[in-house]
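Each remark here refers to the structure printed beneath this line.
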């Protein structure tokens, strides 16, 4: 039976480490399916570019819903019976317009999940400050993930981030989580994982993570050791150059706990 697994979350929320767990046990990696870099294989826009080259009329977004289904069929052909795992970031949820009247419509991809009932893992990282710092650090170093110590940036230094804009970004990310949860209210087979509870103190996956993935993979012997290393385990004070100014702004906004 063909099985598509959707992992939903923001950038730096933990979607990659969960996707890698599925890949370790044979799942076919569709990567961040709606990422704009089409040089990576198996992404939707790469598939779309090839189809548009064949039929230019398909550039019209009215065709993208059925093209997505066609794209999934292609992925499952390549997967040869293994589950296909798709990393879907928040920004991509509106990538394909809804079909029919706009009033009351949910995004096409959300409706697709409602109708086809695939396993959906929604990861929420509560510490939005950590997410923001992690993203800024990745932009600075060019390193977004690491499997081994040798993959880590040799000297990442610190980042300087605007205190006022950071608070605004935190508020926006919190509102985005709320909006997506409402959007997924009618999606069956959805599991919500809180990033901060996904790991034991020793860094291994918590039992509910391996149990959830194991249920989809139909096996109970999953290794709890993540394939990816934590990129920024240091205290916030060691990661941010203007820590004092940032801390003052974050505390004043009621998010002081995110500095821990």
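Residue numbers (the UniProt record's numbering): 1 to 260. We put the CB at the ideal spot given by N, CA and C, even for glycine.
Asked, Found
"Taking residue 232 as the reference, which of 119, 111 and 143 has the closest Cα?", "143"
"Can you give me the C-alpha to C-alpha distance between residue 58 and residue 105, rounded to a whole angstrom?", "23 Å"
"How is residue 9 classed by DSSP in three states: helix, strand or coil?", "strand"
"Note down, one range per segment and in chain order, each alpha helix (DSSP H) of at least 4 residues found wholly within the segment 115-174.", "128-141"
"With burial defined as no fewer than 16 other Cβ atoms inside 10 Å of the residue's Cβ, what is the status of residue 185: buried or exposed?", "exposed"
"Leaving out the 5 sequence neighbours to the left and right, which residues in its chain are closer than 8 Å to residue 163 when beta-carbon positions are compared?", "242, 245, 246, 248, 249 and 250"
"Is residue 78 near residue 28, with beta carbons less than 8 Å apart?", "yes"
"Return the first residue and the last residue of the beta strand (DSSP E) that residue 190 is part of.", "190-194"
"So, residue 214 versus residue 122, is the Cβ gap smaller than 8 Å?", "no"
"What are the boundary residues of the beta strand (DSSP E) that residue 244 is part of?", "First-last for residue 244: 243-252, but that is the alpha helix (DSSP H), not the beta strand (DSSP E)."
"Per the contact definition of three or more C-beta pairs closer than 8 Å, is the segment 218-227 in contact with the segment 198-205?", "yes"
"If you follow the alpha helix (DSSP H) that residue 24 is in, where does it begin and where does it stop?", "15-24"
"On the criterion of 16 or more Cβ atoms from any shown chain inside 10 Å, does residue 172 qualify as buried, or is it exposed?", "exposed"
"Which one or two residues does DSSP pair with residue 89 in a beta bridge?", "9"
"Does the segment 21-38 come within contact of the segment 131-145, defined as at least 3 CB pairs closer than 8 Å?", "no"
"Taking residue 181 as the reference, which of 90, 72 and 118 has the closest Cα?", "90"
"By DSSP's criteria, residue 32 is part of a beta bridge. Which residues make up the other side?", "87"
"Hey, would you say residue 239 sits closer than 8 Å to residue 167, going by beta carbons?", "no"
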